[in-house]
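Data first, discussion second: the structure below is written as structure tokens.
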Amino acid sequence: MARAILAKVELNPKELPDGWVKEEVFRKTKERVRGDLNYTDPTSGYTFRSLKSALSYLKTGEIPNHATIQKTSVHDLYSFDKSADLLWYSVGLDHDSVQQ
């Protein structure tokens, strides 16, 4: 069974202040798989489609027209506590037994 990577997430990318999230979401087009970058501000919740617009927002405080607020917080979506439990489950182990 083929597995697909839906997104690649980087917490605290070096180009931005702590707390920001860089997310590359993959989608299939007619010809190839494309990765769309998003940068999310932890304070306001705004998501920017380019590093340039995220840096501009940090410098000026102005929100570009194409910035959005996600319905589900990127921090909630990628909870590492939940992901760790899924990892243990996928390899057939119980999280509590591994912790002992």
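Under UniProt numbering, the residue at position 94 of the sequence shown is numbered 94, and the numbers go up by one with no gaps. Every residue gets a Cβ at the ideal spot worked out from N, C-alpha and C, and that includes glycine. Keep in mind it's a predicted model, so treat the numbers as computed, not measured.
In the structure shown, what three-state DSSP assignment does Ala67 receive? coil
Could you tell me the distance, in whole angstroms, from the CA atom of Leu11 to the CA atom of Arg32? 27 angstroms
I need the straight-line Cα distance from Leu6 to Arg27, nearest angstrom please. 7 angstroms
Could you give the DSSP three-state label for Thr29: helix, strand or coil? coil
Would you decide whether Asp18 is buried or exposed? Buried here means 16 or more other CB atoms lie within 10 Å of its CB. exposed
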